[in-house]
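Q: Got a structure for you, questions after.
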Ligand code: SF4
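Numbering (the numbering used here), first residue to last: 19 to 230.
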């Protein structure tokens, strides 16, 4: 499969934020979000077998692995093989996906972090809404906001689809496009029961640093 990078860092998002984690960043993405911070993953990469990825992962003393991209599910067969190998080896596996590709075949033991693309990403027309029915309770749903309009849109989606579900809902800002304090105030004013998150790796290191 084609991989952009494999590295060991701390998880910057989701309820796993702050934990040491091994990242497998796949190469290629079917979307082009206006705020994308991983454009280098569109083309850059190298071919590597699932077995060799596992060998590399085993060089780190860590049992949490996140598969991210780019968009991992454009290589869904290989990604599912990688997931199967990791689960067989008792790794805890997170999968971050942009919400445009069917997640039905992904093993239910994986924690999926499903990004629902807000209107100002420019990509909300690509959302595969069917995915909501394949979420398990431990999966997490993420909205990256670029504007007040995105916040209102996310609020509507949360009220429509997630009010009676157990999924953790994560709100964050597209880095540099929206003030975190504004979003937090809107959430508080609306008593919106969601988790606000910052991409903490962008505060620990320079926001443009790769492989962290
Ligand atoms: S889905 Fe992710 S990698 Fe793809 S364009 Fe959007 S932000 Fe970038």
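Where is the CB? At the ideal position from N, CA and C, for every residue including glycine.
1) Check each candidate in 194, 97 and 227 and name the one with the smallest Cα separation from residue 216.
2) Would you mind working out which of 87, 34, 136 and 66 sits nearest residue 58, comparing C-alpha positions?
3) In angstroms with no decimal places, state the Cα-to-Cα distance between residue 68 and residue 108.
4) Give me the Cα-Cα distance between residue 73 and residue 84, rounded to the nearest whole angstrom.
5) On the three-state DSSP scale, how would you describe residue 104?
6) Residue 133 by DSSP, collapsed to three states: which one?
7) Taking 8 Å as the line, does the beta carbon of residue 100 fall inside it for any heavy atom of the ligand SF4?
8) Between the Cα of residue 52 and those of 36, 210, 136 and 209, spot the shortest distance and give me the residue it belongs to.
9) Tell me, which residues are paired with residue 21 by DSSP?
10) Using CA coordinates, which residue listed in 118, 159, 203 and 160 is at the minimum distance from residue 147?
11) Does the segment 31-42 touch the segment 149-156, meaning 3 or more C-beta pairs lie closer than 8 Å?
A: In short:
1) 194
2) 87
3) 16 Å
4) 16 Å
5) helix
6) strand
7) no
8) When only C-alpha atoms are compared, the closest one is 136.
9) 44 and 64
10) Of 118, 159, 203 and 160, the smallest CA-CA separation from residue 147 is found for 118.
11) no
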